Amino acid sequence: MTATPLATTRDEELPVFEERKALAPLTDQLLATVLEPPRLMRHALIITGLVSFFLLGGAIAYTVTTGIGVWGNNIPVGWAFDITNFVWWIGIGHAGTFISAFLLLLEQKWRASINRFAEAMTLFAVMQAGLFPLLHLGRPWFFYWLAPYPSTMTVWPQFRSALTWDVVAVSTYFTVSLLFWYLGLIPDLATLRDRAPELWRRRVYAVFALGWSGSARNWNRWRIGYGLLAGLATPLVVSVHSIVSSDFAISMLPGWHSTIFPPYFVAGAIYSGFAMVVTLMIPARRIYRLERVITSRHLDAIGKMLLTTGWMVFYSYIVETFIAWYSGDRYDQYTFLVARPVGTYAAVYWTVIACNCLAPQFLWIKRLRLSPLGLWLLSLAIQLGMWAERLMLIITSESRDFLPSSWHDYWPTVVEAALLFGTMAFFLFLFLLLLRFVPFIPISEIKSLQHELDTEERARG
């Protein structure tokens, strides 16, 4: 069948697909990402695996055997790089399921090409995030003490502790996100079961496909279950990141004790999550030559979402600064008007303003939104800005608390930097491993969407 331009969906300028193909060639193209991976991806998988093993594994081993005194934490800065990294990773993870589930409920057709990126990103980011609170315990082998399990000592965890809240919230969210991701995979696993060349791979895919046959009953139950999990996951995103923000909001420290934190954190999570989707999607789009499936329409939509959530974050910065000034609280005024913009960590503050507030304004330019390179570079800037925001939020309030006699600056150590970059390498390793064994574009949803658009085009004549 000759490829022809595909008509756009109603009220849209850019097409969801650049060209229309027969369904069989489309399936072959998407399966090739798993069955015929580029050699470059194999090399990248090996390199990221080695880096994560030696860098992250070495940093964890050194921290556990020596103690968290190898970090730069001090009194009064008890939370520093570890909680900064936790909040940053958990924000990225929360946004992934929000992107997939919320856009599914809104019936946004363009989500089909990016939802698996977002769902996988959620799982891998939450795994990185969970590492830091465990190491922060000092004795991570007693992590199960945080869970409310029955014991012979009849001792329960402190339910007013933010750590206990995080354990319950994050574990619940991870479980629902895992089920949501796996349920969406089942039709594609069945396709791989039927197409994989090696016998052992067919058997493995058959186990995880759960006997999927593609019958009408299968599809009906799958759609119901997928929709129910999407409805469950969407409010979880808001509630769980609100709980993470409460780790700070329940404190009396200047700059933390504020009711704006829950919506502020949720907006920041979606912001950084969309940026991470762009960071992962654009290189994969180029390497696997999927420009016809991940089109300019997707880049434009994500660019608009980045601009919208960027303004939400910018507004939050303005509101919290105004409240500090208007309240007359001299401690908050010092934190927001002195310590952050002109204090010891002023460079961090202005990095946040430049990356999170000023750089996204270029997205008003449509040409930049449609430029893969420009959008990718901007996503990196946003990631840097959101990480710097978490660092600024934590260390400026802790290092400059109520008593000037207890003020103490914080500076990270090499071990903390190794943990940060090690988790980045491990995150990339897991993502590349996913690309090696699972289609990162949902084949069944893409084919269903193409069939739907073909039907609409024929109906319009």
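Take 1 as the starting number for the sequence shown in UniProt numbering and just add one per residue.
Idealized CB from N, CA, C, for every residue including glycine.
Computed from a predicted model, the values in this text were never measured in an experiment.
Pairwise C-alpha distance: residue j and residue i
i           : j      : result
Thr335      : Val342 : 10 Å
Ser161      : Ile318 : 30 Å
Trp88       : Ala269 : 8 Å
Ala3        : Arg460 : Low confidence applies here, because Ala3 scores a pLDDT of 42, under 50, leaving its location unreliable and the question unanswered by this model.
Arg367      : Glu389 : 28 Å
Phe81       : Trp212 : 45 Å
Phe429      : Leu50  : 9 Å
Thr122      : Pro148 : 25 Å
His241      : Asn85  : 14 Å
Val415      : Trp71  : 7 Å
Pro37       : Gly69  : 44 Å
Ser379      : Thr152 : 51 Å
Phe142      : Ile60  : 16 Å
Cys355      : Phe440 : 29 Å
Tyr315      : His94  : 21 Å
residue 465 : Leu307 : Within the shown structure, residues of the chain are numbered from 1 to 461, placing residue 465 beyond reach of any answer.
Arg369      : Leu375 : 6 Å
Val352      : Gly385 : 5 Å
Pro150      : Thr66  : 31 Å
His298      : Ala381 : 20 Å
Ala32       : Trp181 : 21 Å
Ala275      : Cys357 : 14 Å
Tyr271      : Phe427 : 19 Å
Leu290      : Gln361 : 28 Å
Reference residue i, options the options, closest by Cα
i      : options                        : result
Ser258 : Val266, Leu106, Phe248         : Phe248
Leu30  : Thr48, Asp188, Val126          : Asp188
Gly58  : Tyr288, Ala347, Phe421         : Phe421
Val64  : Gly96, Ile365, Gly227, Phe132  : Phe132
Gly227 : Trp156, Thr97, Asp28, Phe54    : Thr97
Ser448 : Ile75, Leu384, Pro254, Ala112  : Ala112
Ala233 : Leu375, Tyr410, Leu104, Met386 : Leu104
Val277 : Thr455, Thr175, Ala125, Leu55  : Ala125
Ser177 : Pro254, Leu229, Phe402         : Leu229
Val348 : Ile446, Leu391, Arg285, Phe362 : Leu391
Leu40  : Leu432, Phe437, Val438, Ile365 : Leu432
Pro262 : Gly273, Ser239, Ile99          : Ser239
Arg203 : Gly214, Ala190, Arg42          : Ala190
Arg116 : Gln128, Leu403, Tyr173, Ile186 : Ile186
Any non-hydrogen atom of the ligand ADP within 7 Å of residue i CB
i      : result
Val204 : Questions concerning the ligand ADP fall outside what the structure shown contains, since it holds no ligand whatsoever.
Start and end residues, alpha helix (DSSP H) containing residue i
i      : result
Thr122 : 115 to 136
Thr321 : 296 to 327
Thr97  : 81 to 97
Ala59  : 57 to 66
Met41  : 39 to 51
Val352 : 346 to 352
Lys366 : 366 to 369
Arg330 : 330 to 334
Complete alpha helix (DSSP H) runs within the segment 187 to 274 (minimum length 4 residues, chain order): Those alpha helix (DSSP H) runs which fall completely within the segment 187 to 274 and span 4+ residues are 199 to 209, 216 to 249.
Minimum length 4: unbroken alpha helix (DSSP H) runs contained in the segment 400 to 438: Listed in chain order, they are 414 to 437.
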